[in-house]
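Just so you know, we're using the numbering used here here: the sequence shown kicks off at 1 and counts up by one. Note that beta-carbon positions come from the ideal geometry of N, C-alpha and C, so glycine has one too. So the structure is just underneath, and the comments pick up after that.
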Amino acid sequence: MSIVVTGATGRFGRLTVEALRRRGVPAEQIIVTGRRIEALGELAGQGMSVRRADYSDQASLGEAFDGATRLLLVSGTEVGQRIRQHMNVITAAKAAGVQLIAYTSIVHAPTSTLLISQEHRGTETALADSGVPYVLLRNSWYIDNYTAQLPRYLQHGMVGAAGSGRISGAIRADYAEAAAAVLTEDGHPGAVYELGGPAFTMAELADVVSAETGTSVTYNDISPQEYQTFLVRAGLQEPVAASIADGDRAVAEGELYVEPTDLEKLLGRPATPLRIAVAAALRDLA
Ligand SMILES: NC(=O)c1ccc[n+]([C@@H]2O[C@H](COP(=O)([O-])OP(=O)(O)OC[C@H]3O[C@@H](n4cnc5c(N)ncnc54)[C@H](OP(=O)(O)O)[C@@H]3O)[C@@H](O)[C@H]2O)c1
Numbered sequence: 001m002s003i004v005v006t007g008a009t010g011r012f013g014r015l016t017v018e019a020l021r022r023r024g025v026p027a028e029q030i031i032v033t034g035r036r037i038e039a040l041g042e043l044a045g046q047g048m049s050v051r052r053a054d055y056s057d058q059a060s061l062g063e064a065f066d067g068a069t070r071l072l073l074v075s076g077t078e079v080g081q082r083i084r085q086h087m088n089v090i091t092a093a094k095a096a097g098v099q100l101i102a103y104t105s106i107v108h109a110p111t112s113t114l115l116i117s118q119e120h121r122g123t124e125t126a127l128a129d130s131g132v133p134y135v136l137l138r139n140s141w142y143i144d145n146y147t148a149q150l151p152r153y154l155q156h157g158m159v160g161a162a163g164s165g166r167i168s169g170a171i172r173a174d175y176a177e178a179a180a181a182v183l184t185e186d187g188h189p190g191a192v193y194e195l196g197g198p199a200f201t202m203a204e205l206a207d208v209v210s211a212e213t214g215t216s217v218t219y220n221d222i223s224p225q226e227y228q229t230f231l232v233r234a235g236l237q238e239p240v241a242a243s244i245a246d247g248d249r250a251v252a253e254g255e256l257y258v259e260p261t262d263l264e265k266l267l268g269r270p271a272t273p274l275r276i277a278v279a280a281a282l283r284d285l286a
C-alpha cells in the first residue's frame with residue numbers, strides 16, 4: 001500500500017503524515033506532496049517519497065500520484081479556484097488507479113450556508129461522480145484558529161459575531177489523526193464523517209482563556225457586518241474579512257455544531273479538550 005498525502009507542506013497534511021507514522025505505516029509507503037517541496041526535506045530524509053503536486057497543474061498530479069493506492073486530498077487555499085483544482089486531483093487519482101480518496105470537507109456540507117461550503121459541495125459532487133471510492137472528513141473549525149489569536153485576545157479582548165453559537169472545535173492534530181485512521185484502516189470507503197470536538201461558545205472560550213492565563217478576557221459580540229468592518233480596519237483584505245465574518249454568522253446560526261461521536265469513533269478516544277488545547281498553546285507561546 002502506498003499513501004499519498006497532498007498538502008504535506010501545510011499543517012494538516014504534515015500532522016497526518018506524523019499520525020500515519022505513529023500508526024506504523026513505513027516511511028517508504030508514504031508519498032508526500034505539495035508545491036513548496038523544499039519544505040519536505042526532513043520527510044525525504046526519513047525515507048518518504050517527495051513529489052511536487054500543484055492542484056492547477058494536471059501533469060504534476062499524474063506524476064505525483066503514480067503507484068498510489070490511497071490518497072488524502074487536503075482542500076486547497078485558493079478560494080474560488082478550488083472546485084476545478086480538486087477535480088484535477090480526483091481525475092489524476094483515478095487515472096493513477098487510486099482506490100480510496102479521503103477529502104477534508106466542511107461539517108454539514110450539503111446544507112451549510114457558509115460561503116466556503118459551496119466549493120466543498122462541488123468537490124463532494126465531483127467525488128461522487130468519479131467512481132473512485134471515497135470518504136468524507138467533514139471537519140468543523142480547528143481550535144487552532146482561536147488559539148492562534150491568544151496574544152491578541154490577551155491584549156485587546158475577544159471580538160466576533162458568533163453570538164452564543166456552539167462551535168464543535170477540535171485541534172487540527174485530532175482531525176489529522178482521524179484522517180490517518182481512515183487512510184490506514186479498512187471499512188471506511190463510502191463513509192461520511194461529521195467531525196468536531198466537544199462544543200463551546202465564544203464566551204466559554206473567553207472563560208477558559210481567563211482561567212488558564214489568570215487574566216480576565218471577555219468576549220464582545222457584534223453584528224457580522226460590524227465584525228467585517230472591524231477586521232478590514234485591523235488590516236485584513238476585504239474577501240478574507242468577509243469570509244471570517246460569514247463564518248461567525250454561521251456559528252451563531254448553529255452550523256458549526258456537530259456531535260463529537262464521529263471524531264471519537266475515529267480517534268478511539270475523546271477529542272482533546274479545549275482547556276488542554278489552550279494550555280498547550282500558551283506553553284508554545286512562552
Ligand atoms: N476547519 C478549519 O477550521 C479550517 C481552517 C483553515 C483552513 N481549512 C482548510 O483545511 C486545509 C488544510 O488546513 P491547513 O491548516 O493545513 O492549511 P495550510 O497550513 O495553509 O496548508 C494548506 C496546504 O494546501 C496546499 N495547497 C494549497 N493550494 C494548493 C495547490 N494549488 N496545489 C497543491 N497544494 C496546494 C499547500 O501547499 P503549498 O504550501 O506547498 O503550496 C499546503 O500544503 C486548508 O487548505 C483549508 O482548505 C480548514
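Cutoff 7 Å; reference residue i; Cβ partners in own chain excluding five residues on either side
| i | result |
| --- | --- |
| ASP66 | ALA96 |
| THR184 | LEU20, ARG23, VAL25 |
| ALA39 | THR9 |
| PRO270 | GLU264 |
| ARG14 | ALA8 |
| MET1 | GLN29, THR69, ARG70 |
| GLY122 | ILE83 |
| LEU115 | SER243, ASP246 |
| ALA199 | ARG166, ILE167, SER168, TYR257 |
| ARG11 | ARG172 |
Terminal residues of the alpha helix (DSSP H) in which residue i lies
| i | result |
| --- | --- |
| ALA173 | 172-184 |
| TYR153 | 150-156 |
| ILE3 | That residue, ILE3, is in no alpha helix (DSSP H); its beta strand (DSSP E) goes 3-5. |
| VAL278 | 274-285 |
| VAL17 | 11-22 |
| LEU266 | 261-267 |
| ASP57 | ASP57 -> no alpha helix (DSSP H), and no H or E assigned at all. |
| ASP221 | Run containing ASP221: none in the alpha helix (DSSP H); it sits in the beta strand (DSSP E), 219-221. |
| HIS120 | 117-130 |
Contacts around residue i, its chain only, beta-carbon distance under 8 Å, and the 5 residues preceding and following it disregarded
| i | result |
| --- | --- |
| GLU124 | TYR103, SER105, ALA109, PRO110, LEU136 |
| LYS191 | Residue 191 is actually Ala in this sequence, not Lys. If we look at ALA191 and ignore the five residues flanking it on each side, its Cβ neighbours are VAL135, LEU136, VAL182. |
| GLU212 | ARG275, VAL278, ALA279, LEU282 |
| GLY131 | LYS94 |
| GLN85 | TYR55, SER56, GLY76, GLU78 |
| GLU226 | ALA161 |
| VAL98 | VAL4, PHE65, ALA68, THR69, ARG70, LEU71, VAL132 |
| LEU266 | GLU177, ALA178, ALA181, VAL182, TYR193, LEU195 |
Nearest neighbour of residue i, chosen from the options [CA to CA]
| i | options | result |
| --- | --- | --- |
| ASP57 | GLY45, ARG283, THR33, ARG172 | THR33 |
| ASP284 | GLU185, ALA148, ALA44, GLN85 | ALA148 |
| SER168 | LEU73, GLU78, GLY254, ARG275 | GLY254 |
| ALA203 | ILE171, ARG84, SER164, ILE101 | SER164 |
| ASP129 | MET87, GLN81, LEU115 | MET87 |
| LEU263 | ARG70, GLY13, LEU100, TRP141 | TRP141 |
| ALA286 | LEU150, GLU259, THR229, LEU100 | LEU150 |
| TYR55 | MET48, GLU38, VAL79, ALA39 | VAL79 |
| THR215 | HIS156, LEU115, ILE143, GLU38 | HIS156 |
| ASP144 | GLN118, ILE171, TYR153, ARG121 | ILE171 |
| SER117 | SER210, TYR146, ARG82, ALA199 | ARG82 |
| ALA242 | GLN228, ALA250, GLY235 | GLN228 |
| THR113 | ARG249, ARG138, GLY268 | ARG249 |
| ARG138 | THR261, ARG152, MET1, MET48 | THR261 |
| THR201 | ARG166, HIS188, ARG233, ILE37 | ARG166 |
| MET158 | ARG11, VAL209, ARG35, GLY122 | VAL209 |
| ALA126 | ILE101, TYR146, LEU115 | ILE101 |
| VAL74 | ASP186, LEU256, ARG35 | ARG35 |
| ASP207 | LEU236, GLN237, TYR153 | TYR153 |
| THR16 | ASP174, VAL251, ARG51 | ASP174 |
Where the beta strand (DSSP E) containing residue i begins and where it ends
| i | result |
| --- | --- |
| TYR142 | Looking at the DSSP string, TYR142 is not in any beta strand (DSSP E), and its letter there is neither H nor E. |
| ILE106 | 100-106 |
| ILE31 | 30-34 |
| VAL79 | Run containing VAL79: none; DSSP gives neither H nor E here. |
| ALA51 | What sits at residue 51 in the sequence shown is Arg, not Ala. Unbroken beta strand (DSSP E) run through ARG51: 49-52. |
| TYR227 | First-last for TYR227: 224-233, but that is the alpha helix (DSSP H), not the beta strand (DSSP E). |
| GLU255 | Element bounds for GLU255: n/a, residue is neither H nor E. |
| VAL192 | 192-195 |
Sequence-distant residues of its chain with Cβ nearer than 6 Å to residue i (five each side left out)
| i | result |
| --- | --- |
| HIS120 | SER105, ILE106, ALA109 |
| GLU18 | none |
| MET48 | ALA27, ILE30, VAL32 |
Near ligand 2: residue i beta-carbon under 6 Å from a heavy atom
| i | result |
| --- | --- |
| VAL74 | As for ligand 2, it is missing from this structure, which binds only ligand 1. |
Notebook entry, point to check: Any chance the segment 85-92 sits against the segment 216-223, with 3 or more Cβ pairs inside 8 Å?
Noted result: no
Check: Is the segment 187-201 in contact with the segment 172-179, if contact means three or more CB pairs nearer than 8 Å?
Finding: yes
Margin query: Does the segment 43-52 come into contact with the segment 15-31, if we say contact requires no fewer than three beta-carbon pairs (one atom in each stretch) closer than 8 Å?
Written below: yes
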